[in-house]
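Quick mapping for you: the protein sequence lines, in order, are chains A and B.
Residue 163 in our numbering is what sits at position 181 of the first sequence, and the numbering runs on without skipping anything.
Our numbering runs 29 ahead of the 1-based position in the second sequence.
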Amino acid sequence: MSDGIAAPASARRAPLLTRERRRILYAFLAAVLLFVLGAAVRPGFASPGSVSAVLVVASFVGLVAAGQMFVILIGGIDLSVPWVLNAAAILLVTSSLGQDGHAAWALLLTLGMGAGVGALSGLGIALFNVPAVVMTLAMNGIMQGLTLGLSGGMTCGGCAAYAPPVVQAAAHATWLGIPAALWLWLLVAALVSAVLSLTGFGRRTYAIGTNARASYLAGINVAVTTVALYALSGLFSAVAGIMLVGFGGQAALGMGDPYLFQSIAAVVIGGVAILGGRGHYVGVVAGSISLVALVSVLMAMNMPEYGRSIIYGVIILVLLLLYGREAGEG
Amino acid sequence: MPPEAAGAPNLPAPGQRPLQTSPQRPLPRPPQRHRPRWAHALTQNLGLELAVAMLAASVAIYCGIYYAAQAMLPGGFELTTTVNNTMPLALAAVAQTLVVLTRGIDLSVGGVIDLTNAVAAIGLGDTPASMIGTSLLVLLVGAACGLLNGVLVAYGRLQPILVTLATLSIFQGLAIRVLPQPGGQVPEGYTAVLANPAGPTSLLYVVLAALFWWGLRRTRLGVGIYAVGNDEGAAEANGIDPRRTKVLTYMLGGTVSAAAGLFLAANATAGDATTGNGYTLTSIVAVVLGGVSLFGGRGSAVGAMLGAFVTTMIVNILFFAHIDPLYQAFYEGLFLVGAVLLAGGIGRLVRRA
């Protein structure tokens, strides 16, 4: 009996390099190629220290992109990344006032804020049918106004405080010669991949992204899953904000701005379908690395800002044309 | 079999004269709820009506707060500055509407405004010939930007949000290349024509844009835009080329964004390669407030222009209500969510009634 069933299944076994895996491979190849190119332009670009520095910067993009990927997997988008991240960074320093004694509850408060704000966006999208673009755009404005207003435009007493030394030390620590930021990223990558491929929650996420209506009819609680995914996106923005402020020491206004477009670009370069239903975090990791490596190579070439901006756009277009086509995706 | 179904073949298809094939007398029409023509029109244009209501309400609140603060009603000066400050956003909203109607989204609007604003600032000379020549060149630059977006979306079969995200970066880079530092000189004569500080003459351009829209909707392209946004497959089956329609739509959108760049330069009397950035997101806000559906095929650019004026009025109201400008984005965000929820609620109520 087992033979009778197994034989046709193995005959129709998917090829080793499926479309999705090919995309992930391309993203990793692009990252390696960029490091080789960088080494050709400036000797020492591919040295362990330099690679590690690029990877640490990529880990910040990768953390935000993890949240962004969760919502893009159900065909959504999170435009509230910049100010959720910024609010998290400022909340951490103002609530802890740079004291280790307050660090634990300041971290909890900050993570809770991120998840809570994300959940609010998710509620608006899931229960009131507000388009994700509008809801998260509005939430970004709300968080921007609250952050600016409550901090008095960063003039408040606690705003100039540093991140608690514990957090700074953790952000700068190395273990086995590898920076803590990369260990955290590795942990997040393992957790996110496990949740998406091994749990019911992950399967529900892919199902909703493939067909929300069918998922609803199949008994999936689409609203609860949607709210949870947006909460996760907010949570990851907050984690990135904490890491950034731990790394830089102080919070600043506008520190989250670059992460919106970078997170979306990393998700797309990593082969996640923008309409949802397909993609893996491994690809997003590769996307984050190649994106940051590209910027670093251009800076090593002393490319002026305008040139970086143009090349950045052109490369994303080329990558999209290589594997972002709509046709044949069904 | 129910009588209606049995009689169905004898009923005329919509837009067709009844066929006189059988001598039998016409069957009674199937029971159907009748809705007066005015009620139908009211439901169909709900988005636009809500935008008008929002604008009226915001103007009324503004006048009230202004009166409380200044002991007089706002006059010509306030109207002039409001119109001049809103024109770039109103045009950006028209450009965004065009693309959103085809079920797309244009994140590069801000980049096109940056680029065209920069080109205008270095190109505009004091002679009328230079002004007209540079303006035409700027509009061409905008059309070229739109063409690039349109070709990539329609023939490259890429998602609009990704294409315009990438081209936004390209256009912003080009803008900084053209005008590395804020500056340039916009001649006074040019400002007097596009953003006359002496009187609300720019209202004329709002009327012109509305007339342009009225005309566009009656062209083949205008019909095509709505058809493609509603159902691309059905549009193609009815002889509309969706790809050609999209390319033309993005080109037209780029041209209108370029016009927004010209108005921005005229109002600021100088150029800046980064002031346009904010228009990407505010144009989406204006489009949403104006009742244009982000799912395509429904809404009008007139509504989006009203939405642009509503956003300006909210800023004015917050200013006269002495609300800390740092909180401005907070109230704008709350208002956006509130307006969308309200519009959704009213829409459901009206459809049920």
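The beta-carbon is built from N, C-alpha and C at its ideal position, and this holds for glycine as well.
Given a threshold of 16 other Cβ atoms within 10 Å of its Cβ, counted over all protein chains shown, does residue i qualify as buried or as exposed?
{"i": "I151 of chain B", "result": "exposed"}
{"i": "V138 of chain B", "result": "buried"}
{"i": "W65 of chain A", "result": "buried"}
{"i": "P157 of chain B", "result": "exposed"}
{"i": "D143 of chain B", "result": "buried"}
{"i": "R186 of chain A", "result": "buried"}
{"i": "G262 of chain B", "result": "exposed"}
{"i": "A368 of chain B", "result": "buried"}
{"i": "W67 of chain B", "result": "exposed"}
{"i": "E361 of chain B", "result": "buried"}
{"i": "Q99 of chain B", "result": "exposed"}
{"i": "P65 of chain B", "result": "exposed"}
{"i": "G83 of chain A", "result": "exposed"}
{"i": "P189 of chain B", "result": "buried"}
{"i": "A149 of chain B", "result": "buried"}
{"i": "Q357 of chain B", "result": "buried"}
Quick check: the Cα distance between residue i and residue j, rounded to an integer number of angstroms?
{"i": "G289 of chain A", "j": "G202 of chain B", "result": "6 Å"}
{"i": "G228 of chain A", "j": "V149 of chain A", "result": "5 Å"}
{"i": "L166 of chain A", "j": "A172 of chain A", "result": "10 Å"}
{"i": "T109 of chain B", "j": "G300 of chain B", "result": "21 Å"}
{"i": "A222 of chain A", "j": "V209 of chain A", "result": "20 Å"}
{"i": "S377 of chain B", "j": "L370 of chain B", "result": "Checking the sequence shown, residue 377 of chain B turns out to be Arg, not Ser. Roughly 11 Å between the two C-alpha positions."}
{"i": "L304 of chain A", "j": "L242 of chain A", "result": "23 Å"}
{"i": "G325 of chain B", "j": "G258 of chain B", "result": "5 Å"}
{"i": "L67 of chain A", "j": "A266 of chain B", "result": "47 Å"}
{"i": "R380 of chain B", "j": "T72 of chain B", "result": "7 Å"}
{"i": "G49 of chain A", "j": "H262 of chain A", "result": "12 Å"}
{"i": "A28 of chain A", "j": "Q232 of chain A", "result": "30 Å"}
{"i": "A256 of chain B", "j": "L168 of chain B", "result": "27 Å"}
{"i": "L84 of chain B", "j": "G374 of chain B", "result": "19 Å"}
{"i": "F200 of chain B", "j": "L102 of chain B", "result": "43 Å"}
{"i": "T50 of chain B", "j": "R247 of chain B", "result": "Note on T50 of chain B: pLDDT 49, under 50, position unreliable in the model; no value is reported."}
{"i": "L217 of chain A", "j": "M125 of chain A", "result": "14 Å"}
{"i": "G179 of chain B", "j": "A97 of chain B", "result": "49 Å"}
{"i": "P226 of chain B", "j": "R4 of chain A", "result": "59 Å"}
{"i": "G105 of chain B", "j": "M117 of chain A", "result": "36 Å"}
{"i": "I183 of chain A", "j": "V264 of chain A", "result": "It should be noted that the sequence gives Phe, not Ile, for residue 183 of chain A. The alpha-carbon atoms of F183 of chain A and V264 of chain A are separated by roughly 18 Å."}
{"i": "M121 of chain A", "j": "A372 of chain B", "result": "18 Å"}
{"i": "A189 of chain A", "j": "G258 of chain A", "result": "9 Å"}
{"i": "L165 of chain B", "j": "P240 of chain A", "result": "34 Å"}
Would the beta-carbon of residue i fall within 8 Å of that of residue j?
{"i": "M51 of chain A", "j": "A70 of chain A", "result": "no"}
{"i": "G332 of chain B", "j": "G320 of chain B", "result": "yes"}
{"i": "I224 of chain A", "j": "L132 of chain A", "result": "no"}
{"i": "G58 of chain A", "j": "A22 of chain A", "result": "no"}
{"i": "I6 of chain A", "j": "G253 of chain A", "result": "yes"}
{"i": "G20 of chain A", "j": "V206 of chain A", "result": "no"}
{"i": "G80 of chain A", "j": "A143 of chain A", "result": "yes"}
{"i": "I205 of chain B", "j": "A302 of chain B", "result": "yes"}
{"i": "T284 of chain B", "j": "G171 of chain B", "result": "yes"}
{"i": "G290 of chain B", "j": "G305 of chain B", "result": "yes"}
{"i": "T340 of chain B", "j": "L323 of chain B", "result": "no"}
{"i": "V38 of chain A", "j": "A163 of chain A", "result": "yes"}
{"i": "L277 of chain B", "j": "L240 of chain B", "result": "no"}
{"i": "V123 of chain B", "j": "M342 of chain B", "result": "no"}
{"i": "F359 of chain B", "j": "G106 of chain A", "result": "no"}
{"i": "S215 of chain A", "j": "D60 of chain A", "result": "yes"}
{"i": "I352 of chain B", "j": "Y91 of chain B", "result": "no"}
{"i": "L355 of chain B", "j": "A295 of chain B", "result": "no"}
{"i": "S34 of chain A", "j": "G26 of chain A", "result": "no"}
{"i": "G140 of chain B", "j": "T230 of chain B", "result": "no"}
Which whole-angstrom value describes the C-beta separation of residue i and residue j, a residue pair presumed to lie in contact below a C-beta threshold of 8 Å?
{"i": "A275 of chain A", "j": "F10 of chain A", "result": "Rounded, the Cβ-Cβ distance is 11 Å, inconsistent with contact."}
{"i": "L181 of chain B", "j": "L187 of chain B", "result": "5 Å"}
{"i": "L302 of chain A", "j": "I56 of chain A", "result": "That pair is no contact at about 21 Å."}
{"i": "L153 of chain B", "j": "Y219 of chain B", "result": "6 Å"}
{"i": "V43 of chain A", "j": "S270 of chain A", "result": "4 Å"}
{"i": "Y294 of chain A", "j": "S198 of chain B", "result": "5 Å"}
{"i": "L136 of chain B", "j": "L281 of chain B", "result": "Actually they are not in contact, since the Cβ atoms of L136 of chain B and L281 of chain B sit about 17 Å apart, beyond 8 Å."}
{"i": "I160 of chain A", "j": "L191 of chain B", "result": "Going by Cβ atoms, the distance from I160 of chain A to L191 of chain B rounds to 33 Å, so no, they are not a contact pair."}
{"i": "V63 of chain A", "j": "G238 of chain A", "result": "6 Å"}
{"i": "G76 of chain B", "j": "G328 of chain B", "result": "5 Å"}
{"i": "G15 of chain B", "j": "Y279 of chain B", "result": "This structure cannot speak to residue 15 of chain B, because chain B is shown only from 30 to 382."}
Q.
Using 8 Å as the cut-off, can you tell me whether the segment 72 to 81 of chain A makes contact with the segment 245 to 253 of chain A, which would need three or more C-beta pairs spanning the two stretches below that distance?
A. no
Q) Taking one C-beta from the segment 101 to 110 of chain A and one from the segment 190 to 203 of chain A each time, how about it: are there three or more such pairs within less than 8 Å? A) no
Q) Are at least three pairs of beta-carbons, each pair with one atom in the segment 114 to 134 of chain B and one in the segment 234 to 243 of chain B, less than 8 Å apart? A) yes
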